[in-house]
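Count along the sequence shown from 1, then add 3; that gives the number in my numbering. Here a beta-carbon is modelled for each residue, glycine too, at the ideal position from N, C-alpha and C. Read the structure below first, then the notes.
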Amino acid sequence: MKIVLVGYMGSGKTTVGKLLAKNMNLSFLDLDDYIEDSEKKTIPDIFKEKGEIYFRKKELYYLEEILNKEKNIVLSTGGGTPCYGVNMSTILSATKNVFYIKVGINELVKRLSLEKEHRPLIKNIKDEEMPEFIGKHMFERSFFYSKAHNTLNTDTRTPEETVETIKQLLV
Numbered sequence: 004m005k006i007v008l009v010g011y012m013g014s015g016k017t018t019v020g021k022l023l024a025k026n027m028n029l030s031f032l033d034l035d036d037y038i039e040d041s042e043k044k045t046i047p048d049i050f051k052e053k054g055e056i057y058f059r060k061k062e063l064y065y066l067e068e069i070l071n072k073e074k075n076i077v078l079s080t081g082g083g084t085p086c087y088g089v090n091m092s093t094i095l096s097a098t099k100n101v102f103y104i105k106v107g108i109n110e111l112v113k114r115l116s117l118e119k120e121h122r123p124l125i126k127n128i129k130d131e132e133m134p135e136f137i138g139k140h141m142f143e144r145s146f147f148y149s150k151a152h153n154t155l156n157t158d159t160r161t162p163e164e165t166v167e168t169i170k171q172l173l174v
């Protein structure tokens, strides 16, 4: 069984993914971690040294590698992964179990404000500008995220409740 989680940064894809994998006795992979391990560089370093086009090509390469190789997995994608090239159609054709972990802007601002130092995309954004930045970004990306087979609004759900909901919706 292949399960893929998509959603904005800070939505809880990795937290939910790890819990779900453990609960279902599946492997867990975080696409960003997989890319960093394979490239032997951090994603910010890849962007800085080789550029975004190189990164996006590698992202698709590793996404396809994982989806073709792994049989029983929970895969957490990067927040931007579904929004580039053929990534989302690649994901959708690999499994019927694609879940959009959706979190509202206010909750994302709350979560991401605590993690700014570890998030290159928002590191230099002032706190008062975060809602507008995240709102614009979410608007741009929601077209891709909404192609997932299931959308789970998780603002008021614990990760454990989200895992139980996913398990009930599995095909």
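Cα-Cα separation, residue i to residue j
{"i": "residue 26", "j": "residue 163", "result": "10 angstroms"}
{"i": "residue 80", "j": "residue 11", "result": "10 angstroms"}
{"i": "residue 3", "j": "residue 35", "result": "Given a span of 4 to 174 for the chain in the structure shown, any question on residue 3 remains unanswerable."}
{"i": "residue 50", "j": "residue 167", "result": "36 angstroms"}
{"i": "residue 38", "j": "residue 61", "result": "8 angstroms"}
{"i": "residue 15", "j": "residue 107", "result": "12 angstroms"}
{"i": "residue 124", "j": "residue 13", "result": "12 angstroms"}
{"i": "residue 131", "j": "residue 119", "result": "13 angstroms"}
{"i": "residue 67", "j": "residue 93", "result": "7 angstroms"}
{"i": "residue 140", "j": "residue 115", "result": "14 angstroms"}
{"i": "residue 57", "j": "residue 110", "result": "32 angstroms"}
{"i": "residue 95", "j": "residue 156", "result": "20 angstroms"}
Residue interval of the beta strand (DSSP E) (run including residue i)
{"i": "residue 11", "result": "Looking at the DSSP string, residue 11 is not in any beta strand (DSSP E), and its letter there is neither H nor E."}
{"i": "residue 29", "result": "Here residue 29 belongs to no beta strand (DSSP E), and DSSP marks it neither H nor E."}
Where the alpha helix (DSSP H) containing residue i begins and where it ends
{"i": "residue 101", "result": "Segment 101-105 is the beta strand (DSSP E) holding residue 101; no alpha helix (DSSP H) there."}
{"i": "residue 173", "result": "Counting along the chain, residue 173 falls outside any alpha helix (DSSP H), and DSSP gives it neither H nor E."}
{"i": "residue 70", "result": "55-72"}
{"i": "residue 113", "result": "108-116"}
{"i": "residue 148", "result": "133-148"}
{"i": "residue 94", "result": "90-97"}
Residue burial classification, residue i (beta-carbon count within 10 angstroms, cutoff 16)
{"i": "residue 121", "result": "exposed"}
{"i": "residue 117", "result": "exposed"}
{"i": "residue 147", "result": "buried"}
{"i": "residue 105", "result": "buried"}
{"i": "residue 196", "result": "Outside the displayed span of the chain (4 to 174) sits residue 196, for which this structure offers no information."}
{"i": "residue 76", "result": "buried"}
{"i": "residue 82", "result": "buried"}
{"i": "residue 29", "result": "buried"}
{"i": "residue 142", "result": "exposed"}
{"i": "residue 172", "result": "exposed"}
{"i": "residue 103", "result": "buried"}
{"i": "residue 158", "result": "exposed"}
{"i": "residue 33", "result": "buried"}
Beta-carbon gap between residue i and residue j smaller than 7 angstroms
{"i": "residue 85", "j": "residue 112", "result": "no"}
{"i": "residue 169", "j": "residue 23", "result": "yes"}
{"i": "residue 19", "j": "residue 165", "result": "yes"}
{"i": "residue 97", "j": "residue 78", "result": "no"}
{"i": "residue 74", "j": "residue 174", "result": "no"}
Residues bridged to residue i [DSSP beta-bridge criterion]
{"i": "residue 79", "result": "8 and 33"}
{"i": "residue 154", "result": "103"}
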